[in-house]
Amino acid sequence: MIPLSVPNIAGNEWLYIKECLDTNWVSSLGKYVTLFEERLAEYTGAKHVIALSNGTSALHLALLACGLQENQEVLVPTLTFISPVNAIRYCRAWPVFMDCDDSYCLSVEKVTRFLELECRMENGMIVNKKSGRTIWGIVPVHVFGNPVEMDLLADLAQAYKLQIVEDAAESLGSFFKGQHTGTFGNCGCLSFNGNKIITTGGGGAVLCKDGDIADRIRYLSTQAKDDPLRFVHGDIGYNYRLTSIQAAMGVAQLEKLPEFIESKRRNFKSYQQALSNINGLSLYEAPTASDANFWFYCLQLDPLLYHRSRDELMEALAAKDIQTRPVWYPNHLQKMYKGCQAFEIENAVRLWEQTVNIPCSTNLSESEIAQVITALREA
1 MIPLSVPNIA
11 GNEWLYIKEC
21 LDTNWVSSLG
31 KYVTLFEERL
41 AEYTGAKHVI
51 ALSNGTSALH
61 LALLACGLQE
71 NQEVLVPTLT
81 FISPVNAIRY
91 CRAWPVFMDC
101 DDSYCLSVEK
111 VTRFLELECR
121 MENGMIVNKK
131 SGRTIWGIVP
141 VHVFGNPVEM
151 DLLADLAQAY
161 KLQIVEDAAE
171 SLGSFFKGQH
181 TGTFGNCGCL
191 SFNGNKIITT
201 GGGGAVLCKD
211 GDIADRIRYL
221 STQAKDDPLR
231 FVHGDIGYNY
241 RLTSIQAAMG
251 VAQLEKLPEF
261 IESKRRNFKS
271 YQQALSNING
281 LSLYEAPTAS
291 DANFWFYCLQ
301 LDPLLYHRSR
311 DELMEALAAK
321 DIQTRPVWYP
331 NHLQKMYKGC
341 QAFEIENAVR
351 LWEQTVNIPC
361 STNLSESEIA
371 QVITALREA
């Protein structure tokens, strides 16, 4: 089978993990956790980095530490993995679902329309006319590694006094106008799941500008210990820290990140060139202002030119042992979120219906790309 996206473990992973095992530094303490945080800060330009157990825990603590309160609302794209939506609900706040633009990312234009048409200013706060709740902030997601138009979104957030917590789970190595994704807002959240551009098996991190917010996240992530020796806790905390073994793997993976991104881009160009001869199929490519990491490849089907539906194409490729997947099921259609407000969501549904993610591993070979292209031609 040609898998969709698998880890590429070909560097110093074994060496660094063995050091953890040999020295018994296997839990959330040890030099590799600190080293991983330092290397991430150096690469992304973030002032503070806190390594955590996964991307969802990163989002949860970032929202809490930045001040999200119960029954406030957060604008979030419907076309994303469910993690940021669930993190909002962990805080007992509410998602308001937004549309995406053609980059699969949050539409700044639609967010602007929502704030202008569906909200009012009340005592210096922006309030949703429909629900009567305060709009606290925005969680933009850099979907598939494609950067959101963060300059425009940051200006909008400032105008309406909204907070920004970026979901950069898929965009390590992506820059927008020279600045790394995840460093525009109050916080940015990374993920190192097995299919991400680098992996620690599981794992995540928060990128922070503010030292007090970073300290708060560290505090909450280690069970809010006021006196670790006597087990005195000052708040409801969480067991969210990354382990040393995972961090050791992360350090090794981060050493290979430039190579991984180059491989992603090279394979994208190979696909793109071959697909130019198949009517009705194309790959989405981020604009030049977005220096994307090409994490996932989005094969777009033109319903007027291509003879198969998304699901029919996926079935045809599966029959030839080629793994694919659709874009995530839109969150405003998920059964637990059907009662939540969704604003002018048309483009997200269109892209969901007309997009297939195709194999994109960093160790994908030219012969495997050729097999995928042949299967697409014969589908």
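For what it's worth, the UniProt record's numbering labels the leading residue of the sequence shown as 1, then goes sequentially. Just so it is clear, CB atoms sit at the ideal spot from N, CA and C, and this is done for glycine as well.
Who are the near neighbours of residue i in its chain, counting only those whose CB is closer than 7 Å to its CB and skipping five residues on each side?
{"i": "T222", "result": "G237, R241"}
{"i": "C119", "result": "I126, V127, N128, K129, I135"}
{"i": "N239", "result": "Q223"}
{"i": "Y160", "result": "L115, I126"}
{"i": "T243", "result": "V26, S27, S28"}
{"i": "P303", "result": "Q354"}
Count the other CB atoms within 10 Å of the CB of residue i; is the residue buried (16 or more) or exposed (fewer)?
{"i": "P84", "result": "buried"}
{"i": "W352", "result": "buried"}
{"i": "R325", "result": "exposed"}
{"i": "T200", "result": "buried"}
{"i": "Q158", "result": "exposed"}
{"i": "R265", "result": "exposed"}
{"i": "residue 380", "result": "A question about residue 380 goes unanswered here, because the residues of the chain that appear run from 1 up to 379."}
{"i": "H332", "result": "buried"}
{"i": "G339", "result": "exposed"}
{"i": "residue 432", "result": "Residue 432 is absent from the structure shown; the chain starts at 1 and stops at 379."}
{"i": "P95", "result": "buried"}
{"i": "F231", "result": "exposed"}
{"i": "M336", "result": "exposed"}
{"i": "K196", "result": "buried"}
{"i": "K269", "result": "exposed"}
{"i": "T23", "result": "exposed"}
{"i": "H307", "result": "exposed"}
{"i": "G30", "result": "buried"}
{"i": "S276", "result": "exposed"}
{"i": "Q69", "result": "exposed"}
{"i": "G194", "result": "exposed"}
{"i": "S365", "result": "exposed"}
{"i": "M121", "result": "exposed"}
{"i": "A169", "result": "buried"}
{"i": "L281", "result": "buried"}
{"i": "residue 380", "result": "Coverage of the chain is limited to positions 1 through 379, which leaves residue 380 absent and any answer about it impossible."}
{"i": "G173", "result": "buried"}
{"i": "A87", "result": "buried"}
{"i": "K220", "result": "Strictly speaking, residue 220 in this sequence is Leu, with Lys absent from that position. It counts as buried."}
Once you ignore the five residues that flank residue i on each side, which residues in its own chain have a CB closer than 8 Å to its CB?
{"i": "V251", "result": "N12, Y16, Y32, L35, F36, R39"}
{"i": "H233", "result": "Q223, A224, K225, D226"}
{"i": "V111", "result": "L75, M98, I138, L153, L156"}
{"i": "P140", "result": "P77, C105, L106, V148, M150, L153, I164, E166, D167, G185"}
{"i": "A46", "result": "L40, H180, G182, T183, G188, L207, C208, K209"}
{"i": "V372", "result": "I2, Y271, L317, I322, I358, P359"}
{"i": "I82", "result": "W328, N331, Q334"}
{"i": "G124", "result": "K161"}
Near residue i, what residues of its chain come up, given a Cβ to Cβ distance below 6 Å and the 5 sequence neighbours on each side ignored?
{"i": "I2", "result": "I322, P359, E368"}
{"i": "I245", "result": "I17, C20, V26"}
{"i": "I217", "result": "I50, L61, A65, V206"}
{"i": "F114", "result": "F343"}
{"i": "T355", "result": "C298, Q300, V327"}
{"i": "D235", "result": "A224"}
{"i": "I213", "result": "A65"}
{"i": "A248", "result": "Y16, I17, C20, Y32"}
{"i": "W14", "result": "none"}
{"i": "D101", "result": "S107"}
So, under 8 Å CB-CB, residue i and residue j are touching, yes? Tell me the CB distance rounded to an integer number of Å.
{"i": "A375", "j": "K320", "result": "5 Å"}
{"i": "G188", "j": "L207", "result": "4 Å"}
{"i": "I198", "j": "L254", "result": "6 Å"}
{"i": "L305", "j": "N347", "result": "Wrong, their Cβ atoms sit about 19 Å apart, outside the cutoff."}
{"i": "S171", "j": "G145", "result": "5 Å"}
{"i": "N8", "j": "N363", "result": "5 Å"}
{"i": "S5", "j": "G203", "result": "About 16 Å; that fails the 8 Å criterion."}
{"i": "A370", "j": "L313", "result": "That belief does not hold up - the Cβ atoms of A370 and L313 are roughly 18 Å apart, past 8 Å."}
{"i": "F176", "j": "S361", "result": "The pair is not a contact, with the Cβ atoms about 25 Å apart (cut-off 8 Å)."}
{"i": "V143", "j": "T80", "result": "6 Å"}
Legend entry - Stretch-stretch touch, CB-based, cutoff 8 Å, three pairs: the segment 293-301 with the segment 73-92: no
Inset, instruction - For the segment 252-262 and the segment 127-138, state whether three or more C-beta atom pairs, one from each stretch, are separated by less than 8 Å. - result: no
Inset, instruction - Enumerate, from N- to C-terminal direction, the unbroken beta strand (DSSP E) stretches of 3 or more residues contained entirely within the segment 16-96. - result: 48-52, 73-77
Legend entry - contact_flag[the segment 55-74, the segment 279-286] where n(CB pairs < 8 Å) is 3 or more: no
Inset, instruction - Assess, as a yes-or-no matter, whether the segment 86-94 is touched by the segment 54-72 under the definition of 3 or more beta carbon pairs within less than 8 Å. - result: yes
Inset, instruction - Starting from the N-terminal side, write out each stretch of the alpha helix (DSSP H) that is 4 residues or longer and does not extend beyond the segment 252-330. - result: 257-275, 310-318
Inset, instruction - Report the residue ranges of all beta strand (DSSP E) runs contained in full by the segment 161-220; include only those spanning at least 3 residues, in chain order. - result: 163-167, 187-191, 204-208
Legend entry - Sequence ranges, alpha helix (DSSP H) only - wholly within the segment 101-138, length at least 4: 108-118
Legend entry - Minimum length 3: unbroken beta strand (DSSP E) runs contained in the segment 339-364: 355-358
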